[in-house]
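Residue numbers (the numbering used here), protein chains in the order written: chain A, 463 to 683; chain B, 476 to 667.
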């Protein structure tokens, strides 16, 4: 447990040192969400239909910006190999790393989304549902993305491949997330899709660290 | 016997590098693995510590992770963290107490640099910081891959002192190096 905490705290310490790393996805998210309406005709009635999709796609793409780096620096400086020789299971350490990465890079996006939703004309209730959905959705996304970046960690220019690997994997999250937002906008209950998102998040947190540890081992064998 | 290696075959990228490696190492003994570039020194050490699966043969004595230290070509120091922060992290990950860090920094003469980020250090200083991990977390067997690379004459002397003290305390070490190491009690040489 102390090893998991050590990995988690180190990630937070590193994030505090390089603010650009976590500020970049946030600004990207704001810009993408606010530029989208400029492409639609003024006072168009079509825009509200697209708001859930804009908020969700913006968050997914912004999260991808940070995901590529999750394991890269540890691979390059040799930390990863030493973690494999530590007297604790690597999947444990991966769990600490991914939770910290989500806290630094994913949580701000989820917290920002209701504000952007209100700016794009969502109701208070629908904006809340979007935030709840993104809290669960980004958690799953960071675990799925962490796994994909572990697969790519030894390759040069993996940044191009990462979206190709991750985005198909996250399509269920997008469907349920945007579905919850649409349900809230039309006044019906958003509970069912949110429960699905929660189930996916639990599944990802429990199983993906194991797969990620195996993928990382491949990087230097 | 701390470690016993029987009939080890080491391959890398589908090419067999070493065959029939057999040796045993007891407390207060060291093994200097010598050989030219590409002769398989690094691959041998990686097979011993379990980072690379050997083609064939057995390694006994290294099943538990808290028996040995391995230091490879990379120093495993995060460039954004200071020397002390890096050492503290490794102590915590390995469930060791942090009491020995100060002593380790003193012995490697890194006191003046302890609060500087590792990216600001010279290559030799970074190597010293990596070697400080050996003293901060005590373990009986050291597997060191080219520990002298980047060290100045003073650094090499410090390392030899460290190694002598480690052997005197009942430790053992396997060291790859293409440089000559000064003769020590209990040191053998394996030419690849």
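A virtual CB, placed ideally from N, CA and C, is assigned to each residue, including glycine. Model, not experiment: these values are computed from the prediction.
Taking a beta-carbon distance threshold of 8 Å, residue 633(A) does not count as an interface residue toward chain B. Judged by DSSP in its simplified three-state form, residue 533(A) adopts coil rather than helix or strand. At least one beta carbon of chain B lies nearer than 8 Å to the beta carbon of residue 546(A). Excluding five sequence positions before and after residue 528(A), the CB atoms of its chain that fall closer than 6 Å to its own CB belong to 487 and 567, given in chain order. Taking residue 497(B) as the centre and dropping the five residues before and after it, the same chain places the C-beta of 480, 481, 482 and 483 closer than 8 Å to its C-beta, in chain order. With respect to residue 549(A), residue 540(B) sits close: the two C-beta atoms are nearer than 8 Å.
Close CB contacts of residue 623(B) within its chain, under the 7 Å cut and outside five residues either way in sequence, are with 631, 634, 652 and 654 (chain order). Counting along the chain, residue 507(B) sits inside the beta strand (DSSP E) bounded by residues 505 to 509. Between the region 593 to 610 of chain B and the region 504 to 513 of chain B there are fewer than three C-beta pairs closer than 8 Å, too few to call the two in contact.
Distance between residue 650(A) and residue 476(A), taken at the CA atoms: about 43 Å.
For residue 541(A), the C-beta contacts it makes with chain B under 7 Å involve 551 and 553, in order along the chain. In this structure, the alpha-carbon of residue 535(A) lies about 14 Å from that of residue 479(A).
In the structure shown, residue 535(B) falls within a strand segment according to DSSP collapsed to helix, strand and coil. For residue 520(A), the closest alpha carbon among the candidates 667(A), 639(A) and 654(A) is that of 639(A). From the listed residues 628(B), 543(B) and 665(B), the smallest Cα separation to residue 583(B) is found for 628(B). With a cutoff of 8 Å on beta-carbon distance, residue 592(A) and residue 607(A) are scored as not near each other.
A direct Cα-to-Cα measurement between residue 652(A) and residue 617(A) gives close to 41 Å. For the pair residue 483(A) and residue 553(B), the CB atoms are not nearer than the 8 Å cut-off.
Interface annotation for the region 562 to 581 of chain B against chain A: 563, 564, 565, 566, 567, 568, 569 and 570, criterion Cβ-Cβ distance under 9 Å.
Per the Cβ contact rule, the region 604 to 615 of chain B is not in contact with the region 661 to 678 of chain A (fewer than 3 Cβ pairs under 8 Å).
If you look at residue 662(B), you'll find it isn't in any alpha helix (DSSP H); it sits in the beta strand (DSSP E) that goes 662 to 666. Proximity of residue 482(B) to chain A, defined by a Cβ-Cβ separation below 8 Å, is not satisfied. Taking the Cα of residue 605(A) as reference, the smallest distance to any Cα among 508(A), 637(A), 576(A) and 677(A) is reached at 677(A). Under the three-state reduction of DSSP, residue 591(A) is assigned to helix.
In the structure shown, residue 620(B) falls within a strand segment according to DSSP collapsed to helix, strand and coil. Listed along chain A are 543, 546, 547, 682 and 683, each with a C-beta nearer than 8 Å to that of residue 526(B).
Relative to the Cα of residue 543(B), the nearest Cα in the group 640(B), 550(B) and 615(B) belongs to 615(B). Counting only Cβ-Cβ distances below 7 Å, residue 567(A) has no contacts in chain B at all, with the closest Cβ about 16 Å away.
Interface flag for residue 643(B) against chain A is unset, since no Cβ pair is found closer than 8 Å. Here DSSP, grouped into helix, strand and coil, assigns residue 648(A) to coil. In this structure, the straight-line span from the alpha carbon of residue 624(A) to that of residue 558(A) is close to 21 Å. Residue 479(A) has a beta carbon lying within less than 8 Å of a beta carbon in chain B. At least 8 Å separates the CB of residue 589(A) from every CB of chain B.
Residue 547(B) is positioned such that its CB atom lies closer than 8 Å to that of residue 543(A). If the five residues before and after residue 474(A) are omitted, its C-beta is found closer than 8 Å to the C-beta atoms of 562, 565 and 566, all from its own chain and listed in chain order.
Residues of chain B whose Cβ lies closer than 8 Å to the Cβ of residue 476(A) are, in chain order, 553, 555 and 556.
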